[in-house]
Amino acid sequence: MTQTPAPAPLIHARGLTKRFGSLTAVDGIDFDVAPGESFGFLGPNGAGKTSAMRMVACVSPVTAGTLRILDLDPAVDGARIRGRLGVVPQQDTLDTELSVRDNLVMYGRYFGLTRAQSRERANDLLDFAQLSERATDKVEPLSGGMKRRLTIARALINEPSILLLDEPTTGLDPQARHLLWERLYRLKQQGVTLVLTTHYMDEAEQLCDRLVVMDKARIVAQGSPRSLITEWATREVTELRFPAGVQETIVGRLEGLGERIELLPDRVLVYSDDGEAVAVAAHARGLVPETVLVRRSSLEDVFLRLTGRSLVD
Amino acid sequence: MAVAGQQLGPRAAGRGAGVPRPSWRSGARASYEHQWLLYSRTWRGSIFTSFAQPALFLVAMGMGLGSYVDAGGGAQALGGVSYLEWLAPGLLVSSVMQGSVIAATFPVLAGFHWIRRFHAMHATPLTPSSIAFGLLAWIVTRATLVGAIFMVVIVLFGAAVTPGIILTVPVATLTALAFAAPMAAYMSTQRDTSSFNAIWRFGITPLFLFSGTFFPIEQLPEPLQLAAWLFPLWHGVDLGRALALGTVWENPPLQLAHLVILTVVATAGVVATLVMFRRRLER
Chain U
183 MTQTPAPAPL
193 IHARGLTKRF
203 GSLTAVDGID
213 FDVAPGESFG
223 FLGPNGAGKT
233 SAMRMVACVS
243 PVTAGTLRIL
253 DLDPAVDGAR
263 IRGRLGVVPQ
273 QDTLDTELSV
283 RDNLVMYGRY
293 FGLTRAQSRE
303 RANDLLDFAQ
313 LSERATDKVE
323 PLSGGMKRRL
333 TIARALINEP
343 SILLLDEPTT
353 GLDPQARHLL
363 WERLYRLKQQ
373 GVTLVLTTHY
383 MDEAEQLCDR
393 LVVMDKARIV
403 AQGSPRSLIT
413 EWATREVTEL
423 RFPAGVQETI
433 VGRLEGLGER
443 IELLPDRVLV
453 YSDDGEAVAV
463 AAHARGLVPE
473 TVLVRRSSLE
483 DVFLRLTGRS
493 LVD
Chain Y
37 MAVAGQQLGP
47 RAAGRGAGVP
57 RPSWRSGARA
67 SYEHQWLLYS
77 RTWRGSIFTS
87 FAQPALFLVA
97 MGMGLGSYVD
107 AGGGAQALGG
117 VSYLEWLAPG
127 LLVSSVMQGS
137 VIAATFPVLA
147 GFHWIRRFHA
157 MHATPLTPSS
167 IAFGLLAWIV
177 TRATLVGAIF
187 MVVIVLFGAA
197 VTPGIILTVP
207 VATLTALAFA
217 APMAAYMSTQ
227 RDTSSFNAIW
237 RFGITPLFLF
247 SGTFFPIEQL
257 PEPLQLAAWL
267 FPLWHGVDLG
277 RALALGTVWE
287 NPPLQLAHLV
297 ILTVVATAGV
307 VATLVMFRRR
317 LER
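Going down the list, the sequences are from chains U and Y.
Going by the numbering used here, the first sequence opens with residue 183, and the numbers climb by one from there.
Going by the numbering used here, the second sequence opens with residue 37, and the numbers climb by one from there.
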C-alpha cells in the first residue's frame, strides 16, 4: 500500500441520520473509515448498527446528514457504489435452490462479470472458504459456519474495495467463529477494508483496528479497542459473587476498594489496576464472596461504564 | 492455487469518477438469467406437466363433455365448430394465465422472505427495477413456452381450425402478464400465502369458470356478463379464440378493445411491480 500521510477516507459520514416514521434508528453519527482499516460498530441489539450499515451498503436512503462512499453520494450513485462493495448480511441470503458453486457464479454475474471470469473467481473463492469439496452440493444441508463462509466468499466475488459484515458470527459455535475470524483476519492482512457490526466484544477486539460504541442510535465513544479500555476502564477487574441476598447488605462495606464499583444483579465488579490486591483487601474487610475472579478489563466493561448496561442481555 | 482476494485492497482503489458505472441492462439480464438457472434445475418435470395438463383437459372437457355438446346441436351455437375446437384456444389462454399467477406469487414471496434472493441481488449493482424486470421477463418467457406447448397439444389433438392458433399464444402471454404483473406487485406487500389462497379461491377460479372458457358468456345473466367485461381474462379468451377460429373480422372493434384493455392492464401491472419492488427494497 502507498504510505500517503493521511489517506482520504473510503467512507465519510457526518450527522448521518436514519428515521423510520417517528423512530430514530441512527441519530446524527460522525465517522470515517480509512483504506485498509478494520472498523467496527459495537453495541447491543437495537443500537442502530444495522441501520447504519444498511445506509453504507446503499440499500437504505439516508434521512439526513452527509454520507460519501468512495467519494460518491449513495443517493445518486448507489448502484455504482454497490458494485465496489461486498456485503455479508446478518441474515443469510444464499440461494438455497442453487448449488454452492452456482451461488458464487450467479452472484458474479450481478457484478457484470463474464461467465468465464465468474467461474474462475468462484473456484478460487471456494478454496478460500474451504468449500471446494461441497461445490456441487445444495446450500441447504451446509452447517451454519459453512453458510457464513460461503456468504463471505460470495461477497468477495467482485473483489470489493470495502467488505461490510453485519454480525458475521452471531449464532455460530465457537469453533466455527474462530475459523471465520481466521479467514477475515487473512483478508485484513491483504489490505481489504473491513466494516463490521457486532455485539461481541471479543469479536471487536479480534478484528477491529478502531471502533465506535453505539447506544440508543448514537455514538458514545470511539477509538482502538486498547485505547477505549485504557480510557474508560482500569487495567483489571475483580468480580465478586456473593450468596443470594447478601450483596445488598454489604454495599457500604465495599467503599474505596477500587477506583470504581459496578453493581450487577448477580455480582459486583471492582475496577482497579491490581485485581489481586482488591481481592485481598475485600477479604481483610471480612467479606466472604462465593467466588472471586480477577481478569483484564474488556470492551464489555467499557460499554458498562458508558451506558450502565451490559452488551449481551 | 491463488488465494482469492489477494489483489483486493490496493488494486481495487477506484474512487469517485474512477468507479465504473454498472449498466441497468446488464443487471436486468443477470436477474433474468437467475430465473433461467432456477428453471434449468426443474425443467424436466415442468415440461411434462405442461404437456400432460392440456392433454388431460382436452380429453376430459373437449372430448368427454364435447361429445354431449356436439350431439345436442352445440355446433350451431358455437359458430359451426366442434366443442373441442371451440374450447381449445380459450383453455390455452386460461391455463397460461393461471400458471402465471402462481409464477408471480411464490417466487415473489421467496425473493423477499423465504430465500431473500431479492435482498441478495439488491446488495449488488442491481436496482429494484432491474430485479423486477428480470422476474417479469421470466414470467413472460415461461408463459410463452407453456402456451406454445399447449398449442402443440391442440394441433396433435386435431383441434386447430386455422393457423391463427399460433397468434393465440402471444395473446395468452399478454393475458398472463395482465394478471401476473398486478399479482407480483401485490404479493410484494405480503408476508405469506394466506391472501394468495383467498385470491385463488374467490378470484382466479371463478374467473377461470365464468370468463367464456367453457361456454360463451352470453349464457350468463347480465350482471355476470358485465363482471366478465371488467376482468382481463374474458378479453384474452375471446381474442385468442377469435384468432384461432378465424372470426376476428366478424367484430373488429370488439377485438381491438380486447387488445387495448389487456395492454393497459398489463402495463399498469408492470409499473406497479417496479414501484412496489422499489418501496420494498429501499427502506
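Note that beta-carbon positions come from the ideal geometry of N, C-alpha and C, so glycine has one too.
Which of helix, strand or coil does DSSP assign to Y:E254?
The residue labelled residue 254 of chain Y in the question sits at position 218 within the second sequence. DSSP places Y:E254 in helix when its eight states are reduced to three.
Since U:G228 contacts U:L198 with CB under 8 Å, what's their CB separation in whole angstroms?
Reading the first sequence from its first residue, position 46 is the one you call residue 228 of chain U. Reading the first sequence from its first residue, position 16 is the one you call residue 198 of chain U. Incorrect: roughly 17 Å between the Cβ atoms, too far for contact.
Return the chain-ordered ranges of every alpha helix (DSSP H) run that is complete within the region 280-346 of chain U and spans a minimum of 4 residues.
282-292, 297-310, 326-337
Quick check: the Cα distance between Y:R47 and U:C390, rounded to an integer number of angstroms?
Indexing the second sequence from 1 puts residue 47 of chain Y at position 11. Indexing the first sequence from 1 puts residue 390 of chain U at position 208. Unreliable placement is indicated for Y:R47, whose pLDDT of 44 sits below 50; the coordinate value is still reported in the next sentence. About 22 Å.
Residues near U:L347 by beta carbon distance below 6 Å, same chain, minus five either side:
Mapped onto the first sequence, residue 347 of chain U falls at position 165. V270, L378, listed in sequence order.
Near Y:P288, what residues of its chain come up, given a Cβ to Cβ distance below 7 Å and the 5 sequence neighbours on each side ignored?
Taking the second sequence and counting its residues from 1, one reaches residue 288 of chain Y at position 252. If we look at Y:P288 and ignore the five residues flanking it on each side, it has no Cβ neighbours.
Mind checking if Y:V55 is an interface residue toward chain U, Cβ cutoff 8 Å exclusive?
Within the second sequence, the letter at position 19 stands for residue 55 of chain Y. Judged by the 8 Å Cβ criterion, Y:V55 is in contact with chain U.
Using DSSP bridges, identify the partner residues of U:S220.
Position 38 of the first sequence, counting from 1, holds the residue named residue 220 of chain U. In DSSP, U:S220 forms a bridge with U:L376.
Quick one: list the residues of chain U neighbouring Y:I235, beta-carbon separation under 8 Å, in chain order.
As a first step, residue 235 of chain Y must be located in the second sequence, where it is residue number 199. Neighbours of Y:I235 on chain U: none; closest Cβ ~24 Å, over 8 Å.
Using CA coordinates, which residue listed in U:L439, U:R417, U:A257 is at the minimum distance from U:D455?
Position 273 of the first sequence, counted from the start, is the residue given in the question as residue 455 of chain U. It is U:R417.
What does U:G265 touch in chain Y if you count any residue whose Cβ is under 9 Å from its own?
Locating residue 265 of chain U in the first sequence gives position 83, counting from the first residue. Residues of chain Y passing the Cβ test: V55, P56, R57, P58, T160, P161.
Could you give the uninterrupted runs of the beta strand (DSSP E) lying entirely in the region 181-231 of chain Y, keeping only those of 3 residues or more?
Taking only runs of at least 3 residues, no beta strand (DSSP E) segment lies wholly in the region 181-231 of chain Y.
Let me make sure I understand the geometry here. Which of Y:V197, Y:V176, Y:I151, Y:H158 has the alpha-carbon closest to that of U:V321?
Residue numbering aside, residue 321 of chain U sits at position 139 when the first sequence is read from its first letter. Closest by alpha carbon: Y:I151.
Are the region 258-275 of chain Y and the region 236-249 of chain Y touching by the rule of at least three beta carbon pairs closer than 8 Å?
By the C-beta criterion, the region 258-275 of chain Y is judged to be in contact with the region 236-249 of chain Y, since at least 3 inter-stretch pairs fall below 8 Å.
Under three-state DSSP, which class holds U:R196?
If you number the first sequence from 1, residue 196 of chain U lands on position 14. Note: U:R196 maps to strand in three-state DSSP.
Count the other C-beta atoms from every protein chain shown that fall within 10 angstroms of the C-beta of U:H465, then say buried if there are 16 or more, exposed otherwise.
One-based indexing of the first sequence puts residue 465 of chain U at position 283. Classification of U:H465: exposed, given that the 10 Å Cβ count is below 16.
Tell me whether the region 272-288 of chain Y and the region 191-207 of chain Y touch, counting them as touching only if at least three CB pairs, one residue from each stretch, are closer than 8 Å.
yes
What does Y:T177 pair with, by DSSP beta-bridge criteria?
In the second sequence, the residue the question calls residue 177 of chain Y occupies position 141. Answer is none; Y:T177 lacks a bridge partner.
Cα separation between U:L144 and U:M396?
Outside the displayed range of chain U (183 to 495) lies residue 144 of chain U, so it cannot be described from this structure.
Which residues does DSSP list as the beta-bridge partners of Y:Q320?
Here chain Y comprises residues numbered 37 to 319, so residue 320 of chain Y is not present and cannot be evaluated.
Cut-off 6 Å between Cβ atoms - residues of its own chain near U:S220, not counting five sequence neighbours on either side:
The residue you call residue 220 of chain U lines up with position 38 of the first sequence. Cβ neighbours of U:S220 beyond the five flanking positions: K370, L376, L389, C390, D391.
Interface residues of chain U around Y:S62 at Cβ under 7 Å?
Sequence index remark: in the second sequence, residue 62 of chain Y carries index 26 (1-based). What Y:S62 touches in chain U: G294.
Report all residues from its chain with a CB closer than 8 Å to the CB of Y:L83; omit the five preceding and five following residues, and keep chain order.
As a first step, residue 83 of chain Y is located in the second sequence; it is residue number 47 there, counting from the start. First, the residue type needs correcting, since residue 83 of chain Y is Ile and not Leu in the sequence shown. Closer than 8 Å at Cβ, skipping near neighbours: I185.
Return the chain-ordered ranges of every alpha helix (DSSP H) run that is complete within the region 421-473 of chain U and spans a minimum of 4 residues.
457-466
With C-beta atoms as the reference, is U:F293 less than 8 Å away from Y:T160?
Position 111 of the first sequence, counting from 1, holds the residue named residue 293 of chain U. Position 124 of the second sequence, counting from 1, holds the residue named residue 160 of chain Y. Yes.
Express the C-alpha separation of Y:L94 and Y:Q255 in angstroms, rounding to a whole number.
Start at 1 with the first residue of the second sequence, and residue 255 of chain Y comes out as number 219. Start at 1 with the first residue of the second sequence, and residue 94 of chain Y comes out as number 58. C-alpha separation (whole angstroms): 22 Å.
Please confirm whether U:L307 and U:L286 have their CB atoms less than 8 Å apart.
Working through the first sequence from its first residue, we reach residue 307 of chain U at position 125. Working through the first sequence from its first residue, we reach residue 286 of chain U at position 104. Closer than 8 Å, so yes.
Do Y:A140 and Y:A216 come within 8 Å of each other at the CB atom, strictly closer than that value?
Stepping through the second sequence from its first residue, residue 216 of chain Y is reached at position 180. Stepping through the second sequence from its first residue, residue 140 of chain Y is reached at position 104. Closer than 8 Å, so yes.
Is there at least one Cβ from chain Y nearer than 8 Å to U:A298's Cβ?
Numbered from its first residue, the first sequence carries residue 298 of chain U at position 116. It does not: the Cβ of U:A298 has no partner Cβ on chain Y nearer than 8 Å.
Would you kindly check if the distance between the Cβ of U:R250 and the Cβ of U:S242 is under 8 Å?
Translated into the one-based positions of the first sequence, residue 242 of chain U becomes position 60. Translated into the one-based positions of the first sequence, residue 250 of chain U becomes position 68. Contact: no.
Would you mind sorting U:N340 into buried or exposed? The rule is 16 or more other CB atoms within 10 Å of its CB.
Within the first sequence, the letter at position 158 stands for residue 340 of chain U. The Cβ neighbour count for U:N340, taken over all protein chains shown within 10 Å, is at least 16; the residue is labelled buried.
Inter-residue spacing [alpha-carbon to alpha-carbon] between Y:L210 and Y:L192
Along the second sequence, one-based indexing puts residue 210 of chain Y at 174. Along the second sequence, one-based indexing puts residue 192 of chain Y at 156. Distance between the alpha carbons of Y:L210 and Y:L192 is about 24 Å.
Express the C-alpha separation of Y:T78 and Y:G305 in angstroms, rounding to a whole number.
Along the second sequence, read from residue 1 onward, the residue named residue 305 of chain Y stands at position 269. Along the second sequence, read from residue 1 onward, the residue named residue 78 of chain Y stands at position 42. A direct Cα-Cα distance of roughly 27 Å separates Y:G305 from Y:T78.
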